[in-house]
Each structure stands twice: as structure tokens, then as C-alpha cells.
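UniProt numbering numbers the first residue of the sequence shown as 1 and each following residue consecutively. Beta carbons are placed, not taken as given, at the ideal position from N, Cα and C, and that holds for glycine. Fair warning: this is a prediction, and the values are worked out from it, not measured in the lab. For reference, the structure is listed below as C-alpha cells.
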Amino acid sequence: MGNKEKRLKNVKIVHGIVALWLIAIVSLIVVGIVSLTNMSKINSNLEDINKKELKNIKILGDVNGSFNGMRNVLTKIIDRPYDEAMVTTVKDTDTKIRDLIGQLNTSSNTADKNKIISDMKEYYDQYMQKFPPLADKRKAGETMDKAYMDEYTKVGTGVSTSIEKLVESEKQSADLISKQSEEQFLSTKTTFIAISVGVVVLVTIISMFILWYIRRSIMEFTKQLKVVASGDLTVDIDRDEKNEFGIMKRELAVTVEAISGILGDVKSNAGRMNEQALSLSAISEEMTSSSQEVSNAIQEVAVGSTSQAEELMTIAGVVNEFGQAIESISKTVNNVNSSTETISTMANLSNEQLQSLILSVKTISESFGKVAEKIDKLGDNIQEINGITSLINSIADQTNLLALNAAIEAARAGEAGKGFAVVADEIRKLAEQSKTSSTEINNLLEVISKETNEVVNTTNVVNDEFAGQINVIDQSIVSFKNIIELVEKVIPLMKEVSSSMGHIDSEKTEIIGRIGNASAVAEENSASAEEITASSEQMSSSSEEVAESAQILSEMSGNMVEAINKFKI
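Quick look at the structure:
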């Protein structure tokens, strides 16, 4: 770009308008000064004409009129009889004429004009010097001779001629001043026209240049605006211009850059929003799937809880039967204890009751057989209870695991899964309570099993002893004392068995209570599972709505990206 074009682009429109204003002001000042100067001269000339030339002409007209009147009076004095009034009139007219001549303005007179005035005064003086002799002669009645009158007429004609010359000279001076005024008017007119034409031409040139420059700048600015309007924000906008359009271009460039940056950010955010919408849609689908899985798992938990409640009811029935067996064993043990005491008493009273003792021993042996059978059945029942408690532990572990998975899925779901997380936590606590109760049942069963084993061992020992005693009784009555001793040994054992039976009975009551608690917990688990299932279904529905919203958001962000891609940034 050349320096000339660069300077041209830096021209400000304001400077052009200021230049037009200065040209108008300067031209007005010049025209005003020239006009005022020439008008002042014309006014001065008019004043000269009014105050000098026209006044002198008027005075000379008055002088000429008065002089002609005086000549007429003198003619009457000469031709008619003497009249003193006419002489007075001549004298008054002379005074008037001399006053008028004294009023003539001679400040700017030329030498010729002064000579004419001097000649006029001289002729007038000569004319008036001849009047006194004429008046004296006419008063004396004498007639004036022709030579005197011719000379007097000649002098009067000289005065009139001088006045006429002076009037003509004043007219010429007035014409000269008028001509000068006309020349000054024409000069002023020419100057005004020249300045006006020059100003019009200069203003027209500057205005045309400004209009051309404005139109050119507007076309260039409009062209750049059209490029921006088409979506191309990479347009190169010149920022080096110093004029008003340069300021507009710089502001346009800043605006385009700002819009480009905003569109870039919007495009980037729209892309990320699209990705997040797709991710949200995928997460929503995962949540829906997870919710379905959780719902299925909770259904399984509900089924397991129902089954657990049924199993616990079965356990309660078994334990009740176990309690009845324990009561029967307790009664049998009491009977054995009573029989043993009777045997001991009878052994102490008399050996003769040996046969009765043998019968009692057989009865005791049969009772211990029954006790052994009951205890064996009790062991089987304990094994069944162990299996049931193992199943409860397994169900509790699975419930705890499912509750943990449900809590994880609820945490992943965020705010929508808070209620689900609370329900899952309650299920986990109930599962832990079930497991704890089952563990306590197992512990009690271990105690019962241990004590049952002790009872079985004791019963076996007693049976062995009774068998030995029967053999001994059969073999020899001598062994009766040994039997008595063994019976005495059996009595404490039977007391211990009775005490164990009482303890087992109390443990049985506690087991039944805990089984009832476990059954209630199972029922609560089932109810909670139903609530969780409802929450899962609601969360699944919400997840589907979120997925639909995410799909709509993805479509909107895609449309936004397509709209932004129309811009070239």
C-alpha cells in the first residue's frame, strides 16, 4: 500500500467537515471585510456627496437665485423711480449671498474649483462695489450711462458664469465620487462573486471528496459486514486507519473476534455437552439395567425372605417338638432319678429286694434306651437346625451382598438413588441381624449339641453300667453291692442330666424367641424388598426419562454444533 493511499485512509471525515467550516468562516470573514471596507468607502463617498457636493450645489443654487433676484431688483432700481425699499432689499440680499458663500465647503476643493470660487467672489465684489454709486445717482434722479451699465452687466454676467462653473464643478465632483462608489461596488461585487465561486468550487471539491471517501469506506465496510454476515469470521479487517471508519473497523474487528471466541467456546461446550449427553444416556441405560437387576435381586431377596420365614416357622415347629422331647426326657430322667433313689433305698433296706432291683434296673435300662433314642433324635433335630441356620446365614450373606450392590448402584445414580440407598442399607442391617441371630442360634445349638453329647455319653455309660449290673446280678448276687455303688454313682449323674435337661429347656425357650425374631426380621425383609422393588421400578422409570432427556439434549447439541459449523472461525 502506497504512502498516498495510506495517508488517504488516515483522513478523518471530521477534519473534512472542519475544513468546510473553516472555509465557510474564512470566506465569510473575507467577504465581510471586503464588503465592509468598500461599503465604508461608498458610505464615505455618499457622505462627501451629501455634506460637500450636494450642499455646495444647494448653496450655489441659493446664491444663484438670490443673485438673480438681486439683479432683477437692481434692474427695477435702474429702470423705475428710486425706492429705498429696493435698496434695502439689495443690501439684505448681499448679506445673505455673502453668508451663503461663506458656508461653502472648500476643504477638499481642487485648485480649479478654488480659482472659480475666487473669481466668483472677485466678480461679486466688483458687482457690489458698483451698487452704491448707482444707488446714489438713482436717488439723485440721475440716469445711468450706457457704458456704466454695460460694465455693470458684464460684471454681473461674470458672477453668474462663475456660479454656473462652480455648480458644474460640484456636479463633476459628485459624478466622480459616484463613479468611484460604483467602481467600489463593482469591485466588491466581483470580489464577492469570485470568493463565492471559489468557496463553492472548493466546498464542492471537498464535499465530493468527502462523499466519495464516505461512499468508498461504506462500501468497503459493508463488504466486510457481508462477509461476516455470511458466517466467515476470519475476514481480515484493517485496523491501521485513523479516521472514523477506522474506529468502526477496529470495533468491528474486536466484535468479530469476541463473537468468534464465543462461538468457539459454544462449539467446544456443545461438543462436550453432546458427549456428556451421550454419556448420560448410556449411564441412564446402565441405571435402567442396574435397576432391573436390583429389582430382580430384591425379588429374589423377597422370595428368600419368604422362604426364610417359612423355614423359621419349620424350625420353630422342630424346636417345639424338641422342647416336648426335652420335657419327655426330663420326665424320664426324673423317673430314672426317682427309680434310682428307690433302688438305693431298697438296696439299703434289704438285699431281699434284689429281684425288684433287677426289674427296676431293667426298667431303668429301658428308660435309658428311650432317653438314648430321644437324644439321638435330638441330635438329628440339631443337625437339621444347623442346616437351616446355615441356609439362613447363606441367605443373609446373599442379602447383604445384594444390599451392598444396591447401595453401590444407588450411589452411582446420585440424588435419584438416595431413597434406594436408604432402603438398601436397611436391608443390609436386617440381613446382618438375621446372620447375627442365626449365629447365636448356632452357638446355642453347639451348646445343646455339646450337652446332648455329654448326655449321650453319660447314657451310654449308664447303659453299660446297667448291662454290667444285669450281668453281675445274673451271674452273682454277690455283685449287688457293686450295683448299689454304681446306682449311687448314677444318682449324681441323673441329677446332672436333670439339671442339663432344665438348662436345655430354658435354652429351648430362648431359641424359640430368637427364631420368632428371625421370622419377624424375615417378614420385614420381605416388606422392605417390596418397597425396594417399587423404588427400583420408579428409578427405572426416572432413568428412562433421563435417557430420553439426554437423547433430546444430544440432538439439540448436535443441531447447535451444525449451526455453529456454518460460521468460519
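Would you check if the distance between the CB atom of V73 and the CB atom of V90 is smaller than 9 Å? Yes, these two residues count as a Cβ contact at 9 Å.
Going by other Cβ atoms of all chains shown within 10 Å of its Cβ, with 16 needed for buried, is L166 buried or exposed? The residue is buried, with at least 16 neighbouring Cβ atoms inside 10 Å.
Suppose the cutoff is 7 Å on Cβ atoms and the five residues either side in sequence are ignored; what does the same chain contact list for M1 look like? Any answer about M1 is weak, because its pLDDT of 47 lies below 50 and its placement is not dependable; what the coordinates show is given next. Taken in chain order, the list of residues that qualify is empty.
Can you give the Cα-Cα distance for I78 and K121, rounded to whole angstroms? About 23 Å.
Taking the alpha-carbon positions, what's the residue 575 to S289 distance? Any answer about residue 575 is impossible in this case: the structure gives the chain only from 1 up to 569.
For the structure I just gave you, are there three or more beta carbon pairs, one from the stretch 129 to 149 and one from the stretch 96 to 115, closer than 8 Å? No: the two stretches stay apart, fewer than three of their Cβ pairs being nearer than 8 Å.
Assigned exposure category for T452 - 16 Cβ within 10 Å defines buried: Looking at its Cβ environment, which holds 16 or more other Cβ atoms inside 10 Å, T452 is buried.
Taking DSSP as the reference, what is the three-state secondary structure of N56? DSSP places N56 in helix when its eight states are reduced to three.
Identify whether M79 lies in helix, strand or coil by the three-state DSSP scheme. The sequence given here has Asp at residue 79, not Met. D79: helix per DSSP, three-state reduction.
Would you decide whether E275 is buried or exposed? Buried here means 16 or more other CB atoms lie within 10 Å of its CB. A residue is called buried when at least 16 other Cβ atoms come within 10 angstroms of its Cβ; E275 does not meet this threshold and is exposed.
When G414, V256, L430 and L402 are compared against G231, the one with the closest alpha-carbon: Residue V256 is the option with its Cα nearest to G231.
Taking only runs that begin and end inside the UniProt domain "HAMP" (212 to 264), name each unbroken alpha helix (DSSP H) of 4 or more residues, in chain order. As far as the UniProt domain "HAMP" (212 to 264) is concerned, it has no whole alpha helix (DSSP H) run of at least 4 residues.
Is the beta carbon of F131 sitting closer than 9 Å to the one on D94? At the C-beta level, F131 and D94 come within 9 Å of one another.
Using three-state DSSP, classify A19 as helix, strand or coil. The three-state secondary structure of A19, taken from DSSP, is helix.
Sub-9 Å separation of E440 and R514 beta-carbons: For the pair E440 and R514, the CB atoms are nearer than the 9 Å cut-off.
Let me know the secondary structure DSSP gives G387 once reduced to three states. Looking at G387 - three-state DSSP - the assignment turns out to be helix.
Quick one: measure Cβ to Cβ for I116 and S178, integer angstroms, because I've assumed they're closer than 8 Å. With 8 Å as the limit, I116 and S178 do not qualify as a contact, their Cβ atoms being about 21 Å apart.
Would V34 and T188 be called neighbours here (beta carbons separated by less than 9 Å)? Going by beta carbons, V34 and T188 fall inside the 9 Å limit.
Find out if the Cβ-Cβ distance for the pair L430, T399 is shorter than 9 Å. In this structure, L430 sits near T399, with a CB-CB distance shorter than 9 Å.
Measure the alpha-carbon distance for S438 versus I448 and round it to whole angstroms. In a straight line, the C-alpha of S438 is about 15 Å away from that of I448.
In or out: E84 buried (at least 16 other Cβ within 10 Å) or exposed? With fewer than 16 neighbouring CB atoms inside 10 Å of its own CB, E84 falls in the exposed class.
Within 10 angstroms of the Cβ of G414, are there 16 or more other Cβ atoms? Answer buried if so, exposed if not. Under this definition G414 is an exposed residue.
Please look up how many angstroms separate the CB atoms of L22 and I206, rounded, as I've assumed it's under 8 Å. About 10 Å separates the Cβ atoms of L22 and I206, ruling out a contact at the 8 Å cut-off.
Using the three-state DSSP reduction, which class does K137 fall into: helix, strand or coil? Helix.
If I measure Cβ to Cβ from residue 617 and keep anything under 7 Å in the same chain, skipping five residues before and after, which residues do I get? Only positions 1 to 569 of the chain appear in the structure, and residue 617 is not among them; the question remains open.
Under a Cβ-count criterion, where at least 16 other Cβ atoms within 10 Å of its own Cβ denotes burial, should M219 be classed as buried or exposed? With fewer than 16 other Cβ atoms within 10 Å, it is exposed.
According to DSSP, simplified to helix, strand and coil, what is T143? The answer is coil: DSSP assigns T143 none of H, G, I, E or B.
What separation, rounded to the nearest whole angstrom, lies between the Cα atoms of G32 and K171? Between the alpha carbons of G32 and K171 lies a gap of roughly 32 Å.
Would you kindly work out how many angstroms separate the C-alpha atoms of G271 and K223, rounded to a whole number? Distance between G271 and K223, taken at the CA atoms: about 32 Å.
Give the single residue among E285, F221, V228 and S268 whose Cα lies nearest to the Cα of I247. Measuring from the Cα of I247, the nearest candidate turns out to be F221.
Terminal residues of the continuous alpha helix (DSSP H) containing K115? Segment A111 to Q129, the alpha helix (DSSP H) holding K115.
Span separating the alpha-carbon of K362 from that of E373: CA-to-CA, the gap between K362 and E373 works out to about 16 Å.
Taking the alpha carbon of L60 as the point to measure from, which residue in L100, A406, D92 and V30 has its own alpha carbon closest? Distance from the Cα of L60 is smallest, within the candidate group L100, A406, D92 and V30, for L100.
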